[in-house]
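Asks:
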């Protein structure tokens, strides 16, 4: 004891066994433990102070020296110790408590996991396990199937559930039940790059990690992630982004051959057109109200028509002309039967002299299905058949002849059978057709020896159809036909005076008339919106702050051929500096994804609101 | 606060963190899943931390000095906290299961850090008492002191025929001698016990005659000794009992983490 | 004249050689001062070699010995106090004394527990003992250079290990007579009722008496890796040191 000066004597202090699992219960009462201590099973060992020993016929006390040595009274006659005490309740050692608490903790954890597992009680047995809120956009789509909407193993049997722990995940395919892309879902950028090898498989969850809370931004990708793969390394957009391509943002010539330079500097300045010239420069034609990636040009009627309304009247299409024959191919009797008697029929005995000295126009060859329009012997029979057919069946044979080149009904739209019949009868009778007296304003008409079409307005369907026919360049469409129909200076090809004709594939004969305006280039991963830039660039800023007219450019030259990529833009190319003036560190955002879009053709597979619409509609 | 022997481990820990963090960032840049890297590292680390408790059962196996294992345990524990944050990317995860895991992890970390502080600061206070008592003997020591005090009280009553000391013992001192007192004050290094003994505990002294005073002073002397034993009890008790929280919780963390690993593999990977 | 205590000397140490050598080298100096004196702390065997024999056979063939006077001046007084105390407590005999730095010791008893588990459940020392400042010399066998416990063992159970020089008791031949325990001047041998690793008392099958054995530290004889108590200390608080290493500097790690 600490009060003893000789406590370090070998028999004066208790001999502790800290490895022993039990402690005397008396120490819990803050008193001295007994000399014997608890047994190894945890029962009190101190009920009696010693276990007397039967030696030579008498019981001897054997109390240990540490408890005071043999007692005076000695053992009882029956051999039991005379110092009996009520038993104590031994306590576990602290380590014993620790072990019990550890087992308790293990038990609680297993119980907790069990509660999570069976907590739901329904098919989604783990439904009570809340993994964290989905982001705003995904909030309600799991309403029907619950977790299994995305996590396929969920709700299945335990074996399948456990198996899923080592099988590869199926989350990406679950995403694809709603999301669709312009390419494979699990390749970078949804593209198949041509570079050999090394293209890894991506999973949606690599970037879009869910269950991070309702307001979590799950579509973020950082600049450093972009530059980890991309070969061209740079620090930031404002510092060292590679220069924009030449002629940026144009990648090809414009769809409409509209020379901004000449219009601005010549035509709009011309005093003769002063009244018609737009006062507001760009926004007179470009509709800033609808500014998005492009600022769309207002329709023809609202922009070009102010000056170019009368472009179409002179653009006549000669569908057919009566060629010169060496001898009359027509059977007068048949003609007579079909058309009725004509005054000229009586003179059938006269030596035949063709009323026409024309040659067949190229379009007529399409109708006749022949290639040579010069050889009278070759064409006289088909011409006769066509005209006789037309007399008898109206435009049926024409439609039949044109059907293989496209929508024949549109090509001949508005052509009346009477006109065909009248023309046919006249020509079959070898006389010139006499048009009715009233002036022709537009549409199909015939003059003495030819059947013609005159477009009435912009985007005239017939003219468009014939131009498309020529551009498509199907079999039988000769270069002659093309040259005639796509001629910028005369005939229906007038459309192509403004609407450029492009050959997108140098291998193919096929051409394309750029009927529609707007973005022609498919820069799939580029994202730009004009809208936020308008009116934001400070006082004095106009479209021309960025789009500077390049007066030296030979804009018109680009439209003399069919290659849309060989061009010179009306505008000086926009340089990085134009953007970095504002998009720079400490100013306006400049991360990659501001302009570049990771996904290709990111869209939804089904209408997300359909279920909702059905509910509220009924 | 940190021992010199722990420094190499802390340097290794920082280096490990740097490597794991770099690798995790690299994986993240490559559109991979950095949680896999950090998660498995964390799990291995947790198992190694748990091994610290098991090695005591293997004390006959020469697994190196325990002080080195403790240094490793401390450094690895700190590394685990850093890796935990690296792994979760947040202080407070969103899922309820992960929140339970985080709470348990934080509790284990907190008890670990507190325990380390306790183990590093209290021994000095014990040395300053000038006496040395084995923890298991403290109840016996208190019993011995109490027996002596009671014997003195009886003797005083018999000798003087006055029961003032005995009354004071029954009314006041008995409370003090019955069991360890003023534990909190001892832990924070205060002297509430001394104040008590000099104040309410010694208040009866002025009403005693000279013979009684002699006995009473002996009682107070034993009281002063008991304060020192109490201080030993308070400090040694805390130095042992913090493990009652730390060890079961760490077992729970390991189990919850392993189930978390399974869940993540089933649901996410 | 001020005096200071030299480090305690043991086998292989010498003192006073410098003075003798100087007296032989410089015969012109008549009165050579002797700087040091020797006090015996324990049993000392003296072999007398007359100085003339040294002067004739040793000094001519040796290099000038270095003086120890400067080393004495560099010894801190605090060390002296510790030594003073250790000598008073008669720890001079110790070759493997167990010292515990109480400023580091967290009283976890891991040392005792490790001792118990390496010795079949019976720890072989008690973690208590005399203290000096923050150093405790625990009641564990210090493996005396001159062990008196070995005198009088009737079975020769207590003996010195041939390999390591540690004092160990052969548990099989120990009859628990307590002769060694009573003769150990440091009370480092206890008579313990032996228990098996499960904690059950081992008793004599005939008489039912618990079997007592003299129990003392055997420095983990036969254990690879040295004494378990040192290895088990998580805070490097426990050391086994030679008496001459018994100083605060030797304790610090």
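Residue numbers (our numbering), protein chains in the order written: chain V, 1 to 618; chain S, 1001 to 1269; chain W, 2001 to 2253. Each residue gets a CB set at the ideal place from its N, CA and C atoms; glycine is no exception.
1. Is the beta carbon of residue 452 of chain V less than 7 angstroms from the beta carbon of residue 470 of chain V?
2. What is the DSSP secondary structure of residue 268 of chain V, reduced to helix, strand or coil?
3. Once you ignore the five residues that flank residue 580 of chain V on each side, which residues in its own chain have a CB closer than 6 angstroms to its CB?
4. Are the beta-carbon atoms belonging to residue 323 of chain V and residue 363 of chain V less than 7 angstroms from one another?
5. Residue 1 of chain V by DSSP, collapsed to three states: which one?
6. Mind checking residue 178 of chain V: buried by the 16 CB within 10 Å criterion, or exposed?
7. Secondary structure at residue 1051 of chain S, three-state DSSP: helix, strand or coil?
8. Which residues in chain W have a C-beta closer than 9 angstroms to the C-beta of residue 78 of chain V? List them in chain order.
9. Of all Cβ atoms in chain V, is any one closer than 7 angstroms to the Cβ of residue 1269 of chain S?
10. Can you pull the chain V residues whose beta carbon is under 7 angstroms from the beta carbon of residue 1251 of chain S, in chain order?
11. Keeping to the same chain, check which residues put their C-beta closer than 8 angstroms to that of residue 142 of chain V; ignore five residues upstream and five downstream.
12. In angstroms, rounded to a whole number, what distance separates the CA positions of residue 1076 of chain S and residue 1066 of chain S?
13. Please classify residue 1145 of chain S as buried or exposed, where buried requires at least 16 neighbouring CB atoms within 10 angstroms.
14. State yes or no: is the beta carbon of residue 1003 of chain S nearer than 7 angstroms to at least one beta carbon in chain V?
15. Which residue's Cα is closest to the Cα of residue 2216 of chain W: W:2059, W:2134 and W:2147?
16. Could you check the C-alpha separation between residue 2043 of chain W and residue 2088 of chain W for me, to the nearest Å?
17. Spell out the partners DSSP gives residue 2129 of chain W in its beta bridges.
18. Taking 6 angstroms as the cut-off, does the CB of residue 375 of chain V come closer than this to any heavy atom belonging to the ligand NAD?
19. So if I threshold CB-CB distances at 9 angstroms, which residues from the stretch 9-22 of chain V count as touching chain W?
20. Could you name the residues that DSSP lists as bridge partners for residue 2241 of chain W?
21. Output, in sequence order along the chain, the residues in the stretch 2129-2155 of chain W whose CB is closer than 7 angstroms to any CB in chain S.
22. Show which residues of chain S have a CB atom less than 7 angstroms away from the CB atom of residue 193 of chain V.
23. Using 8 angstroms as the Cβ pair cut-off and three pairs as the minimum, do the stretch 49-61 of chain V and the stretch 2204-2216 of chain W touch?
24. If you run the structure through DSSP and keep just helix, strand and coil, what is residue 53 of chain V?
25. Taking Cβ-Cβ distances shorter than 7 angstroms, what residues in chain V pair up with residue 2123 of chain W?
26. Step through the CB atoms of chain S and report whether any lies within less than 7 angstroms of the CB of residue 2014 of chain W.
27. Report, in whole angstroms, the separation of the C-beta atoms of residue 2199 of chain W and residue 2120 of chain W, which I expect to be a contact under 8 angstroms.
28. Between which residues of its own chain and residue 1138 of chain S is the CB-CB distance below 7 angstroms, once the five residues before and five after are set aside?
29. Looking at the C-beta of residue 2198 of chain W, does it have a partner C-beta in chain V at a distance below 7 angstroms?
30. Along the chain, where does the alpha helix (DSSP H) that runs through residue 1259 of chain S open and close?
31. Please go through the same chain and pick out, in chain order, the residues whose beta-carbon is closer than 8 angstroms to the beta-carbon of residue 368 of chain V, but skip the five residues on each side of it.
32. Quick one: what does DSSP say residue 2193 of chain W is sitting in, helix, strand or coil?
33. Helix, strand or coil: how does DSSP classify residue 2032 of chain W here?
34. Does residue 2139 of chain W pass the burial test, meaning 16 or more other C-beta atoms within 10 Å, or should it be called exposed?
35. To the nearest angstrom, how far is the alpha carbon of residue 495 of chain V from that of residue 541 of chain V?
36. Which same chain residues end up closer than 7 angstroms to residue 2153 of chain W when comparing Cβ atoms and leaving out the 5 residues on each side of it in sequence?
Replies: Looking at the coordinates:
1. Position 452 of the first chain holds residue 452 of chain V. Position 470 of the first chain holds residue 470 of chain V. Cβ distance not < 7 angstroms, so residue 452 of chain V and residue 470 of chain V don't count as in contact.
2. Here residue 268 of chain V refers to the residue found at position 268 of the first chain. Coil, per DSSP.
3. Numbered from 1 along the first chain, position 580 holds the residue referred to as residue 580 of chain V. Excluding residues within five positions, the ones whose Cβ falls inside 6 angstroms are 238.
4. Locating residue 323 of chain V in the first chain gives position 323, counting from the first residue. Locating residue 363 of chain V in the first chain gives position 363, counting from the first residue. No.
5. The residue you call residue 1 of chain V lines up with position 1 of the first chain. Residue 1 of chain V falls in the coil class under three-state DSSP.
6. For the purposes of this step, residue 178 of chain V is taken as the residue at position 178 of the first chain. With fewer than 16 Cβ atoms within 10 Å of its Cβ, residue 178 of chain V is classed as exposed.
7. Reading the second chain from its first residue, position 51 is the one you call residue 1051 of chain S. The answer is helix: DSSP assigns residue 1051 of chain S an H, G or I state.
8. Within the first chain, numbered from 1, the residue matching residue 78 of chain V stands at position 78. The premise fails here: residue 78 of chain V is roughly 16 angstroms from chain W at the closest Cβ pair, so nothing lies under 9 angstroms.
9. Mapped onto the second chain, residue 1269 of chain S falls at position 269. It does: the Cβ of residue 1269 of chain S has a partner Cβ on chain V nearer than 7 angstroms.
10. The sequence position of residue 1251 of chain S within the second chain is 251, counting from 1. The answer, in chain order, is 102, 105 and 106.
11. Locating residue 142 of chain V in the first chain gives position 142, counting from the first residue. These residues qualify, in order along the chain: 134, 149 and 150.
12. If you number the second chain from 1, residue 1076 of chain S lands on position 76. If you number the second chain from 1, residue 1066 of chain S lands on position 66. The alpha-carbon atoms of residue 1076 of chain S and residue 1066 of chain S are separated by roughly 15 angstroms.
13. Taking the second chain and counting its residues from 1, one reaches residue 1145 of chain S at position 145. Here residue 1145 of chain S is buried, its C-beta having at least 16 other C-beta atoms within 10 Å.
14. Numbered from its first residue, the second chain carries residue 1003 of chain S at position 3. Closer than 7 angstroms: no.
15. Numbered from 1 along the third chain, position 216 holds the residue referred to as residue 2216 of chain W. Considering only alpha carbons, the answer is W:2147.
16. The residue you call residue 2043 of chain W lines up with position 43 of the third chain. The residue you call residue 2088 of chain W lines up with position 88 of the third chain. In a straight line, the C-alpha of residue 2043 of chain W is about 15 angstroms away from that of residue 2088 of chain W.
17. Here residue 2129 of chain W is taken as the residue at index 129 of the third chain, counted from 1. Residue 2129 of chain W has W:2138 as its beta-bridge partners, per DSSP.
18. The ligand NAD is not among the ligands present in this structure, which contains no ligands whatsoever.
19. 9, 10, 11, 12, 13, 14, 15, 16, 17, 18, 19, 20, 21 and 22
20. By one-based count along the third chain, residue 2241 of chain W stands at place 241. BP columns for residue 2241 of chain W point to W:2097.
21. 2131, 2134 and 2136
22. As a first step, residue 193 of chain V is located in the first chain; it is residue number 193 there, counting from the start. Within 7 angstroms Cβ-Cβ: nothing; residue 193 of chain V doesn't reach chain S, min ~15 angstroms.
23. Result yes; three or more Cβ-Cβ pairs closer than 8 angstroms.
24. Within the first chain, residue 53 of chain V is the residue found at index 53, counting from 1. Residue state, collapsed to three classes: strand.
25. For the purposes of this step, residue 2123 of chain W is taken as the residue at position 123 of the third chain. Under the 7 angstroms cutoff, chain V gives 17.
26. On the third chain, residue 2014 of chain W is found 14 positions in, with the first residue counted as 1. The Cβ of residue 2014 of chain W sits no closer than 7 angstroms to any Cβ of chain S.
27. Here residue 2199 of chain W corresponds to residue number 199 of the third chain, with the count starting at 1. Here residue 2120 of chain W corresponds to residue number 120 of the third chain, with the count starting at 1. The C-beta distance from residue 2199 of chain W to residue 2120 of chain W rounds to 11 angstroms, too long to fall under 8 angstroms, and the pair is not in contact.
28. Taking the first residue of the second chain as position 1, residue 1138 of chain S is located at position 138. For residue 1138 of chain S, where only same-chain residues beyond five positions count, the Cβ hits under 7 angstroms are 1229, 1232 and 1233.
29. The residue given as residue 2198 of chain W occupies position 198 in the third chain. It does; some Cβ of chain V falls within 7 angstroms.
30. Residue 1259 of chain S sits at position 259 when you count from the first residue of the second chain. Taken as a continuous stretch (DSSP letters only), the alpha helix (DSSP H) holding residue 1259 of chain S covers 1210-1267.
31. To locate residue 368 of chain V, count along the first chain from 1; it is residue 368. Same-chain partners within the cutoff: 360, 379, 382, 383, 386 and 401.
32. Working through the third chain from its first residue, we reach residue 2193 of chain W at position 193. When secondary structure is reduced to three states using DSSP, residue 2193 of chain W falls in the strand class.
33. Numbered from its first residue, the third chain carries residue 2032 of chain W at position 32. Coil, per DSSP.
34. Taking the first residue of the third chain as 1, we reach residue 2139 of chain W at position 139. Residue 2139 of chain W comes out buried.
35. Your numbering for residue 495 of chain V matches position 495 in the first chain. Your numbering for residue 541 of chain V matches position 541 in the first chain. Spanning the two alpha carbons is a distance of roughly 35 angstroms.
36. For the purposes of this step, residue 2153 of chain W is identified with residue 153 of the third chain, where counting begins at 1. Closer than 7 angstroms at Cβ, skipping near neighbours: 2179 and 2180.
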